[in-house]
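To start, the structure under review is shown below, and the notes come after it.
Number of protein chains: 2
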Amino acid sequence: MLNVITPDVLLSHVHDFLSSGHEVLPLNQCTNRILAKDIVSTENIPSFRRSTMDGYAVQAVSTYGASESNPAFLFIKETIDMGKVPDQPISIQEASKIATGGMLPQGADSVVMVEYTDAIDDQSIEVYKSVAPHQNVIDVGEDIAINSIQRKKGQIIRPQDIGAAAALGIQNLCVYKKPIVGIISTGDEIVPISQKPATGQIRDINQYSLSSQIVKNGGSPVFIDNVPDDFDALYAACKKAVESCHMVLISGGSSVGMRDYTIDVIQKLDKSKIIAHGVSIQPGKPTILARLDNIPVWGLPGHVASAMIVFHILVRPFLCQLAGERNPPFYSKPTIRARLIRNVASSQGREEYVRVRLEQSGDHIDAIPIQGQSGLIRTMVQADGLITIPENSEGLEQETWVDVILL
Amino acid sequence: MLNVITPDVLLSHVHDFLSSGHEVLPLNQCTNRILAKDIVSTENIPSFRRSTMDGYAVQAVSTYGASESNPAFLFIKETIDMGKVPDQPISIQEASKIATGGMLPQGADSVVMVEYTDAIDDQSIEVYKSVAPHQNVIDVGEDIAINSIQRKKGQIIRPQDIGAAAALGIQNLCVYKKPIVGIISTGDEIVPISQKPATGQIRDINQYSLSSQIVKNGGSPVFIDNVPDDFDALYAACKKAVESCHMVLISGGSSVGMRDYTIDVIQKLDKSKIIAHGVSIQPGKPTILARLDNIPVWGLPGHVASAMIVFHILVRPFLCQLAGERNPPFYSKPTIRARLIRNVASSQGREEYVRVRLEQSGDHIDAIPIQGQSGLIRTMVQADGLITIPENSEGLEQETWVDVILL
C-alpha cells in the first residue's frame with residue numbers, strides 16, 4: 001500500500017536540502033544563473049561628480065533669476081574635456097565648459113545646458129535659464145555607493161545585474177552549479193526513440209520531456225540508463241546515478257504493482273529515507289520521494305502527462321532549491337487569470353491538476369479543459385497551463401475564475 | 001536634427017525582416033528554440049489499441065448489469081503479456097488477461113480493471129462492475145494521429161513538444177539559428193571593464209547588459225569592438241559587424257552631437273536605408289534604426305538605462321523576428337497588474353517608460369516608480385518592470401491600475 005502524503009507536506013521537505021555547490025564564471029556567461037555570493041560594490045560609481053549634459057558647470061546661485069530678457073552673465077574659466085581633471089575652481093559668476101560625462105570642477109554644483117546659453121566671446125557667456133543645485137549632475141556614488149549590496153546570493157542574475165557588475169569592474173561571478181539530474185527510464189516495454197517499437201513497446205518519451213523540463217528550470221540532465229523491470233538492474237542504475245548526480249528521477253515503476261521495483265530499490269540504497277510513497281494529487285498519485293544525504297531521489301509515474309505534471313508541481317521546487325534559488329520574487333512563477341468554460345468534476349481527498357488551453361475571448365481569457373488520459377502526450381502538447389482543484393473540493397463550476405499555472 | 005518617428009511606426013518595420021536561417025539539432029538540444037519546420041506525425045500513436053489498466057480485455061456488453069451481488073461470468077481465452085500480439089479473438093462472455101500497455105485482442109472493446117474481478121479458476125472470472133465501450137482503452141492514433149501537425153513552424157519548443165517528437169521517434173528538429181548580434185561600443189570615455197577608469201572614463205557597461213539581454217531573448221551576442229568617437233574607426237567596426245552578424249547594435253553616439261558619428265557611418269554603409277533617427281519615446285529618443293538588406297542596424301543611446309529600455313521595447317521584437325518566432329501566444333510577454341503608489345508626470349508627444357519596483361501590498365501589488373536619471377544602472381537594478389505612459393497623456397495619477405512589463 002502507498003503511504004500517501006499531501007503535496008504541501010511533501011513540499012515542506014524542500015528545505016531539507018542544500019544547494020549543489022558553486023562555481024566561478026566569466027560575467028558574460030552568468031545570465032539567468034543564480035548568485036552564490038552577493039554582488040557588493042567595492043567603489044563609488046561615479047567616482048567623481050559628473051555632468052549629464054553638454055553645457056557649463058556653474059554655481060546654481062549664479063543663474064537665479066536668469067531669463068531670455070534678463071540673462072545671467074558668466075566668465076569662462078576653462079574647457080573641461082572628457083577625461084580631464086579640471087584645475088580651475090568655480091566661484092560665483094564663473095563657468096567652465098563641460099561635456100556630458102565630464103568631471104565637475106571644485107565649487108560647481110550644477111550644469112547649465114548648452115542650449116540655454118550663448119557665447120559672447122571666448123571668455124564669457126550669457127545664461128537664459130536658471131538651474132537648481134545638483135541639476136544635470138551625478139554625485140559621487142549616486143549610481144552605486146561603495147559597500148552596497150547590488151544583488152543578493154540566491155537571486156537570479158538579470159541583464160541589469162550583469163550591467164551593475166560591469167560598472168564595478170567585476171569580471172567573474174560566483175554562481176551556483178546547475179544541479180546534475182540523472183534520469184533512469186524503467187519498464188520492459190520502453191525502447192530508445194531511435195527504435196521502431198514492436199507491438200506492446202513504446203518509445204522512451206519521459207527521458208526527453210523530463211530532460212527538457214530540467215533544462216528549462218536550470219538543471220543539467222544526464223541520462224543514466226533504460227532498465228527493464230528488474231530489481232538488480234534498477235539497483236545498479238540507481239547506485240550509478242547517486243554517485244554522480246545531485247538529484248535522481250526514476251521514471252515508471254513507482255506504484256505498488258508486480259513490476260514496480262522503485263520503492264524496494266530505493267529502500268535498499270544506503271542511508272535512504274523515504275519521504276513519500278504516494279502523494280494526494282491527481283494525476284501523479286504514485287510518486288515516490290526519498291532522501292539520500294543531499295540527493296532527492298524521485299519515483300515518477302510512467303504516464304507522460306503525469307510525469308510532467310509531477311515534475312512541474314513537485315520536483316521543480318526541489319530543483320530550484322538545489323540550484324540555490326532563494327526567495328524568488330512573488331511574480332516569478334507566472335499564472336494567468338482565466339474563466340473556466342465548463343464544469344470540471346474532481347474527487348475529494350486529492351488535489352487535482354487539470355490541463356487547460358487558453359483562448360482570448362473578448363475582454364477576458366477562457367480556460368478550456370483538455371480531455372484525455374494522463375498517458376497521452378497530446379494532452380500536454382495542447383495545454384497552455386494547469387488549474388488546481390483543491391483537495392476538499394468536488395470540482396469547479398463553469399465561469400469560475402481560475403489562476404492558470406503556465407506550462 | 002532628428003527625424004523622429006513613433007515607436008508603433010518603428011515596430012511596424014519588424015516585418016521587413018526575415019529569419020536568420022535554420023539548422024538541425026538533436027532533440028535534447030531543442031528546448032526553448034524556435035521550430036523552423038512543423039512537427040508532423042508520421043505514424044499513429046499508439047499504433048495498436050492499448051489497455052491503460054491491468055485487467056481483462058472484454059466486450060463491454062458482456063459486463064452490462066454486473067454487480068457485487070450479480071457478477072458477470074466470463075471465460076478466459078489467454079494471457080496477453082506486454083509486447084505480445086494476442087492471437088485469440090474475444091467474443092461475448094470471453095476475456096483475456098491484459099497488462100497496462102498491452103495490445104487489445106480482436107473483438108475486445110474495453111478493459112475491466114483487475115480490482116473488479118475475481119478469478120474463479122484458471123479458465124474463468126467473475127466481474128463485479130460493468131464497463132463502457134472504450135473504457136480503459138486507448139485507440140489507434142488517439143494520442144497522436146498520423147499526418148497531424150503537433151507544433152508549428154515559428155513556435156517555441158516546449159518540453160511537451162520534445163515529448164511529442166520523442167513519441168514519434170523524431171531524433172532531430174529543424175530550428176531557426178540563434179541570430180548573431182554584434183555589439184559595438186563607442187565613445188572616447190569608454191574603457192574595458194577590466195581597466196580602472198581614469199577620471200572622465202567609464203567602464204563599458206552596455207556591452208555586458210546588452211549581451212545579457214540578447215542571450216535572454218534567444219540571440220547570440222558577439223562583441224565587435226570598442227571604438228573611439230572617430231568616423232573611420234566606427235565605419236571599420238560596422239563593416240566588420242555587418243559581414244558576420246544578423247543584427248548590429250552600436251551603443252552610444254546615436255544623437256546629433258559633435259561626437260555622434262553613428263548616423264553618418266550608417267548612411268555611408270552600402271545599401272543602408274535609415275528607418276528612424278529618433279523615436280518618440282522617453283528614455284531612448286536618440287535611437288537609430290537602419291536596414292542593410294536583412295540586417296537591422298541600431299544606434300542605441302549610451303545611457304545604460306536608456307539602452308536597456310530601448311532594447312526591451314524596440315530591439316527585442318526585431319530579435320524575435322530574426323529568430324523566427326511567429327504568432328507567440330498572447331500570454332508569452334508577461335505583464336503584471338499593479339497600482340501606482342503616486343502620481344507620475346510625463347510630457348505629451350512621447351511614450352514614456354517609467355521603471356518601477358513591485359511590492360505585494362495586501363490583496364494587490366504596488367508599483368513604486370524609481371527616481372533617477374537614465375544614466376544610472378542602479379535604476380534598472382532596482383526595477384522589476386516598466387510602465388508605459390501613452391504619448392498623449394500628461395501622466396498617470398496615484399492609484400491608477402497599470403500593466404507592468406516585467407524586465
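If you're matching them up, the sequences are chains A and B in order.
Residue numbers for the first sequence follow this note's numbering, beginning at 1 and rising by one.
Residue numbers for the second sequence follow this note's numbering, beginning at 1 and rising by one.
Even for Gly, the Cβ is constructed at its ideal location relative to N, Cα and C.
Task: Beta carbon of Ile184 (chain A) nearer than 8 Å to that of Met247 (chain A) - done: no
Open item on the list: Is the separation between the beta-carbon of Pro369 (chain B) and that of Arg342 (chain B) shorter than 8 Å?
Closed with: yes
Open item on the list: Let's test the definition: count the other Cβ atoms within 10 Å of the Cβ of Leu18 (chain B) and tell me whether it reaches 16, buried, or not, exposed.
Closed with: exposed
Task: From A:Cys174, A:Val304, A:Arg203, A:Ala165, residue whose alpha carbon lies closest to that of Ala323 (chain A) - done: A:Cys174
Open item on the list: So Val169 (chain A) and Ile180 (chain B) are supposed to be a Cβ contact under 8 Å. How far apart are they, rounded?
Closed with: Rather than Val, the amino acid found at residue 169 (chain A) in this sequence is Gly. Rounded, the Cβ-Cβ distance is 27 Å, inconsistent with contact.
TODO: Starting from Lys216 (chain B), trace the alpha helix (DSSP H) both ways and give me its first and last residue.
DONE: Where Lys216 (chain B) is concerned, the enclosing alpha helix (DSSP H) stretches over 205-216.
- [ ] Would you list the one or two residues that DSSP bridges to Phe409 (chain B)?
- [x] With chain B represented from 1 up to 407, any question about residue 409 (chain B) goes unanswered, as that position is not in the structure.
TODO: Classify Asp87 (chain B) as buried or exposed, calling it buried when 16 or more other Cβ atoms lie within 10 Å of its own Cβ.
DONE: exposed
Open item on the list: I'd like to know whether the C-beta atoms of Lys153 (chain B) and Asp38 (chain B) end up nearer to each other than 8 Å.
Closed with: Yes.
Open item on the list: Taking 6 Å as the limit between beta carbons, can you name the residues of its chain near Val222 (chain B), skipping five residues before and five after?
Closed with: Ile180, Gly182
Open item on the list: Check whether chain B comes within 8 Å of Val181 (chain A), counting only Cβ atoms and requiring the distance to be less than that.
Closed with: no
Task: Simplified DSSP assignment, three categories, for Leu319 (chain A) - done: helix
Task: For Ala57 (chain B) and Ile98 (chain B), believed in contact at Cβ under 8 Å, the rounded distance - done: 5 Å
Open item on the list: So, with DSSP's three-state summary, where would you put Tyr64 (chain B)?
Closed with: coil
Open item on the list: Let me check understanding here. Comparing Cα to Cα, which of A:Glu115, A:Ser130, A:Ser51 lies closest to Val137 (chain A)?
Closed with: A:Ser51
Open item on the list: Please state whether the Cβ-Cβ distance between Gly253 (chain B) and Asp232 (chain B) is less than 8 Å.
Closed with: no
Open item on the list: If the criterion is Cβ atoms closer than 8 Å, does the pair Thr42 (chain B) and Ile125 (chain B) meet it?
Closed with: no
Open item on the list: At the level of alpha carbons, what is the spacing between Asp118 (chain A) and Leu249 (chain B)?
Closed with: 35 Å
Open item on the list: Does the contact criterion of 3 or more C-beta pairs under 8 Å hold for the region 13-28 of chain A versus the region 158-172 of chain A?
Closed with: Touching, per the Cβ criterion.
TODO: Out of B:Val111, B:Asn217, B:Gly299, B:Leu406, point me to the one whose CA is closest to Ile336 (chain B)'s CA.
DONE: B:Leu406
- [ ] Just the C-alpha distance for Gln160 (chain A) and Ser20 (chain B), rounded to the nearest angstrom, thanks.
- [x] 27 Å
Open item on the list: Out of A:Asn206, A:Arg355, A:Gln93, which one is the CA nearest neighbour of Asn226 (chain A)?
Closed with: Among A:Asn206, A:Arg355, A:Gln93, the Cα nearest to that of Asn226 (chain A) is on A:Asn206.
TODO: Hey, could you find the ends of the alpha helix (DSSP H) Thr31 (chain B) is sitting in?
DONE: Run containing Thr31 (chain B): none; DSSP gives neither H nor E here.
Task: Supposed close pair Ala276 (chain A), Ile288 (chain A) - CB separation, criterion 8 Å - done: 7 Å
Open item on the list: Tell me the residue span of the beta strand (DSSP E) that contains Gln382 (chain A).
Closed with: No beta strand (DSSP E) contains Gln382 (chain A), which DSSP labels as neither H nor E.
Open item on the list: For Tyr116 (chain A), count the other beta carbons within 10 Å of its own beta carbon; 16 or more makes it buried, fewer makes it exposed. Which is it?
Closed with: buried
Task: Classification of Phe330 (chain B) by the beta-carbon crowding that lies within 10 angstroms, buried from 16 upward - done: exposed
Task: Rounded C-alpha distance that separates Gln373 (chain A) from Gly219 (chain A) - done: 28 Å
Open item on the list: Taking 8 Å as the threshold (beta carbon to beta carbon), is Ala66 (chain A) in contact with chain B?
Closed with: no
- [ ] Step through the CB atoms of chain A and report whether any lies within less than 8 Å of the CB of Lys177 (chain B).
- [x] no
Open item on the list: Give me the DSSP bridge partner(s) of Pro286 (chain A).
Closed with: Answer is none; Pro286 (chain A) lacks a bridge partner.
Open item on the list: I need the DSSP call for Pro369 (chain B), collapsed to helix, strand or coil.
Closed with: Pro369 (chain B) falls in the strand class under three-state DSSP.
Task: Listed by chain order, chain A residues near Leu406 (chain B) by CB distance under 8 Å - done: Within 8 Å Cβ-Cβ: Tyr331.
- [ ] Following the continuous alpha helix (DSSP H) through Val304 (chain B), name the residue where it begins and the one where it ends.
- [x] 304-310
Open item on the list: Counting C-beta neighbours from all protein chains within 10 Å, is the total for Tyr261 (chain B) 16 or more, i.e. buried, or is it exposed?
Closed with: It counts as buried.
Open item on the list: By the DSSP assignment, the beta strand (DSSP E) with Phe17 (chain B) in it spans what residues?
Closed with: Run containing Phe17 (chain B): none; DSSP gives neither H nor E here.
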